[in-house]
Amino acid sequence: MSWLAAFFESLFMTRVIAALFVLFALIVSPMSAQAQSGFNAGPATPEYSEQVATSFHLPMRDGLRIAVSLHRPSVNGVPVEGPLPVIWHHALDIEAAGTRATGTGTDARRPLSDLTRYGYVVAVVARRGNGASFGTRRGYEDFTEGFDAYEITEWLAAQPWSTGNVGMYGCSNTGEAAMHAVVARPPHLKAVFAGCFAWDRYDGHTRGGIISQYGTGPTRTVEDDLRAMPVQGDEDRTLLRQAAEEHVASTNLLALMQSMPYRDSWSPLVMARFWGEVSIGAYLSQVRDGGVPIYIQGGWYDDFRTEGLIALANLPGQARMIIGPWRHCLNPGFDLQAEQVRFFDHYLKGVDTGIQSDDPIHYFTINAPEGQEWRSASVWPLADADNRRLFLAGDALGSEQPRAAGARAVTVDYAPVCPPDPVEPNFGPFAQPCRSSAASVTVAARTFAIDTEVTGNPIADLWISSTAPEQPVFAYLEDVAPDGTVTVISEGRQRASLRRVVEAPWNTMGTPWRRSWAEDHQPLVAGTPVKVSFDLLAVSYVFKAGHTLRVSITGSDARERARVEVAPAPTLSVHFGGDTPSSVVIPFRPAAG
């Protein structure tokens, strides 16, 4: 059946990180992005200033108990009778019960339950194997969670306080949960707001065949899970302890990833080819046929930004996207909840909020002139992109392919270290790329005479060789200031032995796609150059006059997970010119200098 979706959740969005989201929103300096966005007239007027929440266990079709906190707008402690539309979150934990005032958070980080202010019932549901819910986590967003999403949506739609119009929210692993609910196609699911998720799980979490620094989570103990919010009536946490003891049998997510090095790997841990089971793109026709409107949140400092753009490209007329100058699921200084209300009011209440007349893409260009940062577009990549191929030639990048062949070599550094960030979170999905100049092949283009914009999807076509049969390759797009300060703008990665490029089963926006099946594995032969093609994460960035565009190539990255090290450290060579013309494609805007 079509709605037997495969679903996923990575533990990087645990309760600790959720708390960090709130803390981060409170300590950053607010930006004026909301006022300058040009597409949002401002938040809707709240209808209610109070909510009452209850929590309970909801039995699923197999008898397993799922924890739910239900939040309803109230007046003087009495729930509004309604009926009202419902928005729910397939999360890792529930929220506290009781009566409280709403609208007390910052614009950047309000709890989802604050949507009760605008005339919605909100449900927060702990997925099985998490929080106060019973059961085990097989691997996140598997078939069982698909059944759960379907069942919960239809239960919410059938309640007397519900209009039957149900929406979903999620970001990170819960964004993927929301997208997989779209795959499940419950009849009453009418709209989804999802952020920072993987369109394809293999590409999103094992980008280029290299395990990322997120999505594996810590191994939780019973004592860890006892910190979760219990349901009402379980003040002594007896039920919570019983649930936590069941959670211990959940699949270890790092071991699961390591058991599946290829896109078609069969994992004995879950008895399935799990990458396909849990990838949204594998169910493209079901998502399209369902027609559920989707609003995608992305950030230029988030590793999932290209995944969101791929989702947008494959769902024309169905999806829209906002991309801000944000890290993973963070939006400092920007009232994203106002956009959520604008979106849900249209699709769940039938209110004309003007969202239908907007372009489907709103994005922020970093370093653009003040007041001109927010732009809109009807398609991505932009129709006026000037994709220029620049060839490597020694330590420079140029528009002409060198006739003479050459190479530059570097010994792989297995201990690159990123400097700590004193203000922003810089671990797991928040970690930003950095690289070691001493262990990289660095090539520079000309210094810009005027401000120059790069917006789109950069591509690296590199000819490399290595003394090792397995060689990860990392490429960084960098901005070098006149004082020598280096800012990494984007990064791409590819395991060279999985370099075979084939036609993708969906729209990849013109970027190369590797099937990465076991039969595609081609170990390197020492000293023999091979072509490795891969995209760098999407960008929209202005290089200021006097700054230099630079590309650096390395054989390791500080954010690698489960790295396989070779002794002695291998030598990575980047070849250029002749029959091995390494190059990069940079998506300039027409005004490039």
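Using mature numbering (1 follows the signal peptide of the UniProt record, and there is no 0), the letters of the sequence shown correspond one by one to residues -35 to -1, 1 to 558. A virtual CB, placed ideally from N, CA and C, is assigned to each residue, including glycine. Everything numeric in this text was worked out from a predicted model, so none of it was measured.
- Delimiting residues of the alpha helix (DSSP H) encompassing Trp240: Phe239 to Glu242
- Item | Residue from Ser34, Pro434 and Phe112 whose Cα sits closest to the Cα of Val86 | Ser34
- Message: Less than 7 angstroms between C-beta atoms, sequence neighbours within five positions excluded: which residues of the same chain meet that for Ile288?
- Response: Gly263, Gly264, Trp265, Arg270, Tyr328 and Phe329
- Are Leu489 and Ala461 touching if we call contact CB-CB under 7 angstroms? yes
- Contact check, Leu77 vs Tyr167, beta carbons under 7 angstroms: no
- Message: Please report the distance separating the alpha-carbon of Asn422 from that of Arg515.
- Response: 16 angstroms
- Message: Considering just the uninterrupted stretch of the alpha helix (DSSP H) at Ser148, what are its terminal residues?
- Response: Reading off the sequence shown, one finds Val at residue 148, where the question assumed Ser. Unbroken alpha helix (DSSP H) run through Val148: Asn138 to Ala149.
- Counterpart residues of Ser20 in DSSP-defined beta bridges: Ser34
- Whole-angstrom distance between Ser224 and Pro233, CA atom to CA atom: 8 angstroms
- Quick one: complete beta strand (DSSP E) runs, 3+ long, within the segment 194 to 262? none
- Message: Give me the DSSP bridge partner(s) of Gln459.
- Response: Val438
- Can you name the residues that DSSP bridges to Met286? Ile261 and Ile326
- Note down, in chain order, each residue of its chain lying with its Cβ closer than 7 angstroms to the Cβ of Phe308, except the 5 sequence neighbours on either side. Ala156, Phe158, Tyr260 and Ile320
- Query: For Gly457, does the count of other Cβ atoms within 10 angstroms reach 16, so buried, or fall short, so exposed?
  - Reply: buried
- Query: Is it buried or exposed for Val438, if we count other Cβ within 10 angstroms and need 16 for buried?
  - Reply: buried
- Would you mind working out which of Pro152, Glu110 and Arg238 sits nearest Trp482, comparing C-alpha positions? Arg238
- Item | C-beta atoms of Trp345 and Ile245 nearer than 7 angstroms | no
- Message: Among the candidates Gly84, Thr186, Asn279 and Ala425, whose CA atom is the shortest distance from the CA of Asn217?
- Response: Thr186
- For Thr81, I'd like the list of residues in its chain whose CB is within less than 7 angstroms of its CB, leaving aside the five on either flank, ordered along the chain. Tyr13, Gln16, His36, Arg37, Pro38, Thr67 and Val87
- Cβ pair count under 8 angstroms reaching 3, the segment 518 to 526 against the segment 471 to 481: no
- Task: List the residues that DSSP assigns as beta-bridge partners of Lys496.
- Result: Trp428
- Sequence-distant residues of the same chain with beta carbon closer than 6 angstroms to Cys161, five excluded per side: Cys136, Ser137, Gly140, Asp267, Phe269, His293 and Cys294
- What span of residues does the beta strand (DSSP E) with Val408 cover, start to end? Val406 to Thr412
- Pick out whichever of Ile551, Arg30 and Thr19 has its Cα sitting closest to the Cα of Leu347. Ile551
- Item | Close-in-space but distant-in-sequence residues of the same chain around Asp199 (CB under 7 angstroms, 5 per side omitted) | Leu205
- DSSP three-state call for Glu119: helix, strand or coil? helix
- Any idea what DSSP makes of His55, helix, strand or coil? strand
- Message: So within the segment 463 to 517, which uninterrupted beta strand (DSSP E) runs reach at least 3 residues, ignoring any that extend past its ends?
- Response: 495 to 500 and 504 to 508
- Query: For the segment 40 to 48 against the segment 91 to 99, are there 3 or more C-beta pairs whose distance is under 8 angstroms?
  - Reply: no
- State the start and end residues of the unbroken alpha helix (DSSP H) segment that holds Thr271. Arg270 to Asn279
- Below 8 angstroms, can you find three or more Cβ-Cβ pairs linking the segment 506 to 515 to the segment 279 to 288? no
- Task: Report the partner residues of Gly298 according to the DSSP bridge assignment.
- Result: For Gly298, which the question treats as bridged, DSSP gives no partner whatsoever.
- For His55 versus Ala122, is the C-beta distance shorter than 7 angstroms? no
- Indicate whether the contact test is met: 3 or more Cβ pairs, each with one atom in the segment 356 to 363 and one in the segment 527 to 536, closer than 8 angstroms. no
- What are the boundary residues of the beta strand (DSSP E) that Arg65 is part of? Gly63 to Ala66
- Backbone secondary structure at Gly363 - three-state DSSP: strand
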